[in-house]
Amino acid sequence: MIDLYLAPTANGLRAAVALEECGLPCRVHKVDLGKGEQRTASFLAINPSGLIPVIVDEDGPDGRPVTLAQSCAIVLYAAEKSGRFLPGDPVARIGALEWLFQVASDVAGTSGTVFRLENTAPEKSAANVAYFRQRLLTFFADCDRRLAGQDYLAGEISVADLALYPNVALRKAMLDEAGGLPNLQRWAAAMAARDGVRKGMAAGA
Ligand SMILES: N[C@@H](CCC(=O)N[C@@H](CS)C(=O)NCC(=O)O)C(=O)O
Numbered sequence: 428m429i430d431l432y433l434a435p436t437a438n439g440l441r442a443a444v445a446l447e448e449c450g451l452p453c454r455v456h457k458v459d460l461g462k463g464e465q466r467t468a469s470f471l472a473i474n475p476s477g478l479i480p481v482i483v484d485e486d487g488p489d490g491r492p493v494t495l496a497q498s499c500a501i502v503l504y505a506a507e508k509s510g511r512f513l514p515g516d517p518v519a520r521i522g523a524l525e526w527l528f529q530v531a532s533d534v535a536g537t538s539g540t541v542f543r544l545e546n547t548a549p550e551k552s553a554a555n556v557a558y559f560r561q562r563l564l565t566f567f568a569d570c571d572r573r574l575a576g577q578d579y580l581a582g583e584i585s586v587a588d589l590a591l592y593p594n595v596a597l598r599k600a601m602l603d604e605a606g607g608l609p610n611l612q613r614w615a616a617a618m619a620a621r622d623g624v625r626k627g628m629a630a631g632a
């Protein structure tokens with residue numbers, strides 16, 4: 428049984444979606460970021476960075492315990508542990524990793540920046556918010572282009588799709604307002620219909 432520490436953010440839900448889709452049983456521990464629970468001594472003992480998500484798997488590789496942060500690393504860990512969502516074909520596999528890293532650094536990184544500029548930055552700047560929202564839309568457009576003519580980012584469903592979905596779902600209003608991106612919208616509807624995705628997205632509720 429894997430212990431998953433999360434809040435209902437895209438980063439947190441990404442870990443939950445991956446564990447559910449990979450069929451790995453987990454115990455969910457909600458961390459209330461608003462109350463600062465990520466900075467308590469007990470949480471910092473698990474992740475000294477004070478960030479969710481984190482997993483603790485007492486039954487890691489060769490039975491050794493693993494504590495792991497970074498949501499996309501958790502997606503990869505779940506895929507490797509379950510033997511799912513990593514294409515067998517080497518070219519498709521490297522494509523899956525390419526788009527997993529696109530999500531980690533471009534989509535998720537920029538979405539986090541938009542959140543901070545809009546909510547927690549000490550000085551508000553409409554120009555900076557507009558700049559990073561546009562940058563995020565550009566990264567979503569890259570995903571849309573990649574999904575033209577194929578169902579999933581690496582052809583078959585993979586770690587990249589599991590990683591991307593929570594960011595798309597939580598930015599639905601922005602995407603609807605922007606319009607277009609029909610391939611991404613079609614993909615999002617297919618992902619939303621999956622049992623593991625539904626259960627994972629409900630994990631933080
Ligand atoms: N790159 C990290 C980002 C983790 C992260 O920024 N977590 C945020 C919530 S989405 C957090 O725990 N924030 C608490 C804080 O900044 O105090 C990942 O993908 O897991």
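Heads up: the sequence shown runs through residues 428 to 632, numbered per the numbering used here. All C-beta atoms, glycine included, are put in the ideal place defined by N, C-alpha and C.
According to DSSP, what are the bridge partners of residue i?
i      : result
Thr494 : Val483
Ala581 : Glu583
Arg454 : Asp430
Is residue i buried or exposed, if buried means 16 or more other CB atoms sit within 10 Å of its CB?
i      : result
Gly463 : exposed
Gln577 : exposed
Arg625 : exposed
Met428 : exposed
Phe528 : exposed
Gly627 : buried
Which residue marks the beginning of the alpha helix (DSSP H) containing residue i, and which one marks its end?
i      : result
Lys599 : 599-605
Asp622 : 622-629
Gly522 : 517-528
Cys570 : 553-573
Glu545 : 535-546
Ser532 : That residue, Ser532, is in no alpha helix (DSSP H); it is neither H nor E in DSSP.
Arg613 : 609-619
Can you give the Cα-Cα distance for residue i and residue j, rounded to whole angstroms?
i      : j      : result
Val455 : Tyr432 : 6 Å
Pro475 : Thr467 : 10 Å
Phe559 : Thr537 : 7 Å
Ala523 : Ala496 : 20 Å
Lys599 : Ala615 : 10 Å
Arg511 : Leu589 : 11 Å
Ser552 : Gly487 : 45 Å
Ala587 : Ser469 : 32 Å
Gly450 : Ala554 : 43 Å
Tell me whether residue i counts as near ligand 2, meaning its Cβ is closer than 7 Å to at least one heavy atom of that ligand.
i      : result
Cys499 : Ligands in the displayed structure: ligand 1; ligand 2 is not one of them.
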